[in-house]
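All remarks here apply to the structure that follows.
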Amino acid sequence: MAAGIKDKVAILGMGCSKFGERWDAGPEELMVEAYLEAMQDAGIEPTQIDAAWFSTHIDETGTGKGGTPMSLALRLPNIAVTRVENFCAGGSEALRGAVYAVASGAADIAIALGVEKLKDTGYGGLPVGNAGTLIPQWAPSGSAPGNFAQLASAYRAKHGVSKEDLKRAIAHVSVKSHANGAKNPKAHLRNAVTEEQVMNAPMIAEPLGLFDCCGVSDGAAAAIVTTPEIARALGKKDIVTVKAMQLAVSNGLESQHNSWDGSYFHTARIAAKKAYAEAGIQRPREEVSMMEVHDCFSITELVTMEDLFISPEGHAVKDVMNGFYDSDGKVPCQIDGGLKCFGHPIGASGLRMAYEMYLQLQGRAGERQLAAPKIGLTHNLGGAPASNVCSVTIIGALGA
Amino acid sequence: MAQQSIGLTAFGGYIPRLRLQRKAVAQANAWIAPNFLGKGKGERSMANWDEDAVTMAVEAARDLLGPDDDRSHVDALFFGSTTMPFKDRLNAGIISAALTLEETVRAVDVASTQRAGTSALLQALTAVKAGEAKHALVVAADHRKARAASAQELDFGDGAAAVSVGTENVIAKYLGGASLTVDFVDHFRGSTEEFDYNWEERWIRDEGFSKIVPRAVKAALANAGVKAEEIKHFILPCAFGDKFVQQLAKKSGIAPEAARDTLAANCGETGAAHSLVMLVHALQKDAKPGEKVLVLHFGGGCDALVFETTDKLSSQSDKRGIVGSLANRKEESNYLKFLTFNGLIEWEQGMRAEQDKKTALTTLYRNEDMLMGLVGGRCTETGVVQFPRSRISVNPNNHTVDTQEPYKFAERKAKILSWSADFLSASMNPPNHYGMVVFDEGGRIMMDFTDVEQGTVDSGMEVKLVFRIKDFDEKRGFRRYFWKAVPILKEQAKSQAAE
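So the protein lines, in turn, are chains A and S.
If you want my numbering, it's the position in the first sequence, counting the first as 1, plus 133.
If you want my numbering, it's the position in the second sequence, counting the first as 1, plus 7.
Here it is as structure tokens:
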């Protein structure tokens, strides 16, 4: 097995724009907002950046294709800009590219930036698009909530959970994220809600109601990475390093082979196992201090607790209801509000997750600061349960 | 060589399950058309939004062919309809592809007249008689369109029927027939028009039906060598009521009680399909071996065919046919839904519906058996089946390369693994149901559901597969087809198992 990425790369600085319905800002303004914060945090000049990785998903209605939108918006010094796209996990992919560049020695300092401008479509939810010329001829004319909602029917069938019990558990997932988001000034949705409100909200895709779905937001996030040595040389203390970066991608098993039961993410389990091995984590339930997972829908977060081996299989409902993942629980999850409330600008989300872990590890998370977290995990999905990409990244204090 | 007996060898039928309540239509339109209040009785069949003449024909043909998906014996296909979805693209070719017939099949569209169904049947009989076909399949279907608040809207129905023609296991021998060709324009539909233009009913009744039909009957009986009084079942689609049909039979010397129910009360007139719909209904319901059947269809003259049933008739007892289709019904009292499904109302579908539904015809052809016939792959080494077929097998333990043979899914048993009812995605009939369908013998497909009873779907439910319209490309006048899953309610599943 490869030696892995653990402690080879440090985060020098990060930035994140305010997420939300940013009627005031186009993709350029969002990028600049995240970039300037990251640059100030890193304390470097643009000429010190060797290479850039740029994530954006929906180029038709959003930012455009290629590396130029980022280079133009930030007036980068004609350095390499690689545009990456991996559904909703693009932000993590940009970070992976930048981290690998630094780890390889090809770059001393690299930047990863993700952006999405979703609120120029004229309607709610994600924009609809065609996936090539074959898939639209046979795949259901569905939506993201309709695809993810199917986890619920399969989970209920597998674990014998009643409709009502599961609906309440996923409601609690959202209630917790709303409570967290209310404390985050950069979050899209900042209102606390009750379980009853969540359960009685209009149905979007059975059994997911309005509050079971994450915010569709504009936003950008950025990370500047370097080696721990350079970080130290630049005067950084409390250095945060990357412990693991894994990505697992479906190969058709879930959608075409009857060994998958539809109730979990096949890829997430593979990525999680590899990430724990890379980071040297043996008992994730005890060792992971906090998580930002891909809670595009409440049911996604619930099953993910098992896919990351934090809750034993079939026990996520119980852990959720017991507050295990609440801000005062054993493993706080979505402490910044998550996709649910911080918002979900597709190409930026993976970096937004890392941003929160980074702030928490440095003790800079303000009102929502946790007590001395050591290890943070981000889980960033793209696609749908039956066919997806899943990224698991672990970051922590250098030496942790 | 002894004279071979040629005739019908099997039948099938399909009536969409929705039944529009005429009372709802008559009452909604009473302010503008109070004269139709008296017609506000009974129900008519109503196609779902994703059905057309082609999809209904496929269903009727599948009923005829049964669950055995080896259809290599079918060597001719005649499709009769006046509501074919394509003016220039062989509609029978779509049906053939959906049924996975051999490419050597002779497929023909028969159109432009209400007697297109009987004319298709006559062509099949001629082909078999000439020895050019051994097993000819005849399907007739119509998805009828009429203006809102018209009499036709109440009289019409949607549906399909299928019969096969051959020389073995004949269930109804063909004794002879006749066709009269008269350019009697009771109605017409110009090539650029969506709706019929109708002349006065009394003239159609008195100068048309009353005079032309008896002449066709006389000629057919003479050609068949059958006496009028021998006719036990007199089949004539006609919107002037059962009493008038009885009088017409009597006029030809046929017992009035031989006149078949025109299914006006519970189905409506299914256009070019209707004579065959009534024939299948008669063969299923009342016909006994050794009875003579006269099938007529009026339109630009009249077709008349005489058959004699045989003791092989019981071979068709497992068919859904028309009797079974009529029993599988769901009342629909929402007239606006009917108008919407038939494109008679401009409604707000939302921006999500603006998505371009352009079909890459190259891609369609490259994947023709997959998209039209629901054909996947089976690994000849491991036996693992999958959809779609691929060069490298999905089998997780052994990704064999280039080992797959075509494998048909359409007639296999399947269940729902996961599903949702989606209110967000654009749909002609929200919420849009879809999910993962898992086949008992292996393989799975994430697919749209249709004919769904909202609130009844759950994991583990059985489904059957149907060929339906996937999307309309309004910009280019194209429509694409694919297969969908129909969840079977528990009571239905039980009664089917008992059968």
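Note that the Cβ used here is the ideal one computed from N, Cα and C, for glycine as well.
Please read these numbers as outputs of a predicted model, since none were measured by experiment.
Checklist line | Beta-carbon spacing of Ala290 of chain A, Met454 of chain A below 8 angstroms | finding: Walking along the first sequence from the start, residue 290 of chain A turns up at place 157. Walking along the first sequence from the start, residue 454 of chain A turns up at place 321. Result no, Cβ atoms of Ala290 of chain A and Met454 of chain A do not sit closer than 8 angstroms.
Checklist line | Option in A:Phe430, A:Ile479 and A:Asp253 with minimal Cα separation from Val308 of chain A | finding: As a position in the first sequence, residue 308 of chain A is number 175, starting the count at 1. Answer by Cα proximity: A:Phe430.
Item checked: Between the CA atoms of Trp490 of chain S and Glu353 of chain S - distance to the nearest angstrom -> Along the second sequence, read from residue 1 onward, the residue named residue 353 of chain S stands at position 346. Along the second sequence, read from residue 1 onward, the residue named residue 490 of chain S stands at position 483. For Glu353 of chain S and Trp490 of chain S, the distance between alpha carbons rounds to 27 angstroms.
Note to self: Report the CB separation of Asp376 of chain S from Pro413 of chain S in whole angstroms; it is logged as a contact under 8 angstroms.
What the structure shows: Locating residue 376 of chain S in the second sequence gives position 369, counting from the first residue. Locating residue 413 of chain S in the second sequence gives position 406, counting from the first residue. Rounded, the Cβ-Cβ distance is 6 angstroms, consistent with contact.
Next item on the list: Could you have a look at Pro244 of chain S and say whether DSSP puts it in helix, strand or coil?
Entry: In the second sequence, the residue the question calls residue 244 of chain S occupies position 237. It is coil, neither helix nor strand.
Next item on the list: Please check the pair Leu161 of chain S and Phe43 of chain S, which I expect to be a contact at CB under 8 angstroms, by giving their CB distance rounded to whole angstroms.
Entry: Against the second sequence, residue 161 of chain S aligns to sequence position 154. Against the second sequence, residue 43 of chain S aligns to sequence position 36. The beta carbons of Leu161 of chain S and Phe43 of chain S sit about 6 angstroms from each other, so the pair counts as a contact at 8 angstroms.
Next item on the list: Return the residue from the list A:Ala410, A:Ser276 and A:Ile363 that minimises the CA-CA distance to Ala135 of chain A.
Entry: Here residue 135 of chain A is taken as the residue at index 2 of the first sequence, counted from 1. The shortest CA-to-CA distance from Ala135 of chain A to any of A:Ala410, A:Ser276 and A:Ile363 is the one to A:Ala410.
Margin query: Considering just the uninterrupted stretch of the beta strand (DSSP E) at Lys46 of chain S, what are its terminal residues?
Written below: Your numbering for residue 46 of chain S matches position 39 in the second sequence. Segment: none, Lys46 of chain S is in no beta strand (DSSP E) and carries neither H nor E.
Check: Between which two residues does the alpha helix (DSSP H) carrying Lys406 of chain A extend?
Finding: By one-based count along the first sequence, residue 406 of chain A stands at place 273. The continuous alpha helix (DSSP H) containing Lys406 of chain A extends over residues His399 to Ala412.
Check: Going along the chain, which residues of its own chain have a beta-carbon closer than 7 angstroms to the beta-carbon of Ser282 of chain S, five neighbours each way excluded?
Finding: Here residue 282 of chain S corresponds to residue number 275 of the second sequence, with the count starting at 1. Exclusion of the five residues before and after Ser282 of chain S leaves Gly124, Thr125, Ile242, Pro244, Val302, Leu303 and His304 as the residues of its chain whose Cβ lies within less than 7 angstroms of its Cβ.
Item checked: Candidates A:Cys523, A:Val248 and A:Pro160, of which the one nearest Gln379 of chain A by Cα -> On the first sequence, residue 379 of chain A is found 246 positions in, with the first residue counted as 1. Looking at the Cα atoms, A:Cys523 is the closest of the given residues.
Check: Along chain S, which residues have their Cβ under 9 angstroms away from the Cβ of Thr526 of chain A?
Finding: For the purposes of this step, residue 526 of chain A is taken as residue 393 along the first sequence, with counting starting at 1. Neighbours of Thr526 of chain A on chain S: none; closest Cβ ~26 angstroms, over 9 angstroms.
Check: Below 8 angstroms between beta carbons: does that hold for Cys274 of chain S and Ser52 of chain S?
Finding: In the second sequence, residue 274 of chain S corresponds to position 267, counting from 1. In the second sequence, residue 52 of chain S corresponds to position 45, counting from 1. It is a contact, given that the beta carbons lie within the stated cut-off.
Next item on the list: Could you name each continuous beta strand (DSSP E) segment of 3 residues or more that falls completely within the stretch 323 to 353 of chain S, going from the start of the chain to the end?
Entry: Segments of the beta strand (DSSP E) lying fully in the stretch 323 to 353 of chain S: 337 to 339.
Next item on the list: Scan the stretch 325 to 371 of chain A and note each continuous alpha helix (DSSP H) run of 4 residues or more that stays entirely inside, going in chain order.
Entry: Counting whole runs of 4 or more residues, the stretch 325 to 371 of chain A contains the alpha helix (DSSP H) stretches 328 to 332 and 361 to 366.
Next item on the list: Could you check which residue in A:His190, A:Gly238, A:Gly197 and A:Ala245 has the C-alpha nearest to that of Cys221 of chain A?
Entry: The residue given as residue 221 of chain A occupies position 88 in the first sequence. Answer by Cα proximity: A:His190.
Check: Going along the chain, which unbroken runs of the alpha helix (DSSP H) with 4 or more residues stay wholly within the stretch 193 to 262 of chain S?
Finding: Counting only runs of 4 or more, we get 217 to 231 and 249 to 258.
Item checked: Span of the beta strand (DSSP E), counted from its first residue to its last, around Leu25 of chain S -> For this step, residue 25 of chain S is matched to residue 18 along the second sequence. Under the DSSP assignment, Leu25 of chain S falls in the beta strand (DSSP E) whose first and last residues are Leu25 to Gln28.
Next item on the list: Please name the residue or residues paired with Gln411 of chain S in a DSSP beta bridge.
Entry: For this step, residue 411 of chain S is matched to residue 404 along the second sequence. Looking at the DSSP output, Gln411 of chain S sits in a beta bridge with S:Cys386.
Next item on the list: For the stretch 156 to 238 of chain A, list the beta strand (DSSP E) runs that are entirely contained and at least 3 residues long, ordered along the chain.
Entry: Unbroken beta strand (DSSP E) stretches of 3 residues or longer found wholly inside the stretch 156 to 238 of chain A: 184 to 188 and 213 to 217, given in chain order.
Next item on the list: Compute the beta-carbon to beta-carbon distance between Ala279 of chain S and Gly442 of chain S, rounded to the nearest angstrom, for a pair I have assumed lies under 8 angstroms.
Entry: Taking the second sequence and counting its residues from 1, one reaches residue 279 of chain S at position 272. Taking the second sequence and counting its residues from 1, one reaches residue 442 of chain S at position 435. With a Cβ gap of about 36 angstroms, Ala279 of chain S and Gly442 of chain S do not count as contacting.
Check: Name the chain S residues that come within less than 8 angstroms of Met332 of chain A, Cβ to Cβ?
Finding: As a first step, residue 332 of chain A must be located in the first sequence, where it is residue number 199. Within chain S, no residue comes near Met332 of chain A; the closest Cβ sits about 16 angstroms away, beyond 8 angstroms.
Check: In three-state terms, what does DSSP make of His448 of chain A?
Finding: Your numbering for residue 448 of chain A matches position 315 in the first sequence. Three-state result, His448 of chain A: coil.
Next item on the list: Closer than 7 angstroms by C-beta to Cys346 of chain A: which residues in its own chain qualify, once you throw out the five before and the five after it? Chain order, please.
Entry: Taking the first residue of the first sequence as position 1, residue 346 of chain A is located at position 213. Same-chain partners within the cutoff: Pro278, Ile337 and Phe430.
Check: Going by DSSP, which residues form a beta bridge with His512 of chain A?
Finding: Indexing the first sequence from 1 puts residue 512 of chain A at position 379. When beta bridges are read from the DSSP output, His512 of chain A appears opposite A:Val525.
Next item on the list: Check whether the Cβ of Asn521 of chain A lies closer than 8 angstroms to any Cβ atom in chain S.
Entry: Stepping through the first sequence from its first residue, residue 521 of chain A is reached at position 388. Residue contact with chain S for Asn521 of chain A: absent (no Cβ-Cβ distance below 8 angstroms to any residue of chain S).
Item checked: Chain-ordered neighbours of Leu386 of chain A on chain S, where CB pairs are closer than 8 angstroms -> Position 253 of the first sequence holds residue 386 of chain A. Ordered by position in chain S, the residues that pass the 8 angstroms Cβ test against Leu386 of chain A are Val401 and Pro403.
Next item on the list: State the CB to CB distance for the pair Val142 of chain A and Thr327 of chain A, rounded to an integer number of angstroms; the pair is presumed to be in contact (CB under 8 angstroms).
Entry: The sequence position of residue 142 of chain A within the first sequence is 9, counting from 1. The sequence position of residue 327 of chain A within the first sequence is 194, counting from 1. Your pair Val142 of chain A and Thr327 of chain A does not check out as a contact, with CB atoms roughly 42 angstroms apart and the cut at 8 angstroms.
Check: Does the stretch 509 to 517 of chain A come within contact of the stretch 490 to 497 of chain A, defined as at least 3 CB pairs closer than 8 angstroms?
Finding: Yes, the stretch 509 to 517 of chain A touches the stretch 490 to 497 of chain A.
Check: Ordered along the chain, which non-local residues of its own chain (more than five positions away) have a Cβ less than 6 angstroms from that of Gly14 of chain S?
Finding: Within the second sequence, numbered from 1, the residue matching residue 14 of chain S stands at position 7. Here the set comprises Val177, Ala179, Lys180 and Tyr181.
Item checked: DSSP state of Ala9 of chain S mapped onto helix, strand, coil -> Taking the second sequence and counting its residues from 1, one reaches residue 9 of chain S at position 2. Residue confidence is low: Ala9 of chain S scores 45 on pLDDT, short of 50, so the model does not pin down where it sits. Its coordinate-derived value is still stated next. DSSP, reduced to helix, strand and coil, places Ala9 of chain S outside both helices and strands of the structure shown, so it counts as coil.
Next item on the list: Note down, in chain order, each residue of its chain lying with its Cβ closer than 7 angstroms to the Cβ of Ser520 of chain A, except the 5 sequence neighbours on either side.
Entry: The residue labelled residue 520 of chain A in the question sits at position 387 within the first sequence. Hits under 7 angstroms: Ser383, Glu387 and Ser388.
Next item on the list: Using a threshold of 8 angstroms, state whether the C-beta atoms of Leu284 of chain A and Pro478 of chain A are closer than that.
Entry: Here residue 284 of chain A refers to the residue found at position 151 when the first sequence is read from its first residue. Here residue 478 of chain A refers to the residue found at position 345 when the first sequence is read from its first residue. Not closer than 8 angstroms, so no.
Next item on the list: For Val192 of chain S, count neighbouring Cβ atoms within 10 angstroms of its own Cβ and tell me buried if that reaches 16, exposed if not.
Entry: Translated into positions along the second sequence, residue 192 of chain S becomes position 185. Val192 of chain S comes out exposed.
Next item on the list: Given a cut-off of 8 angstroms, decide if Asp203 of chain S and Gln253 of chain S are closer than it, judged by their beta-carbon atoms.
Entry: Taking the first residue of the second sequence as 1, we reach residue 253 of chain S at position 246. Taking the first residue of the second sequence as 1, we reach residue 203 of chain S at position 196. No, Cβ-Cβ distance for Gln253 of chain S and Asp203 of chain S is not below 8 angstroms.
Check: For Met172 of chain A, which of A:Met147, A:Asp192, A:Asp183 and A:Asp157 has the nearest alpha-carbon?
Finding: Indexing the first sequence from 1 puts residue 172 of chain A at position 39. When each option's Cα is compared against that of Met172 of chain A, the closest is A:Met147.
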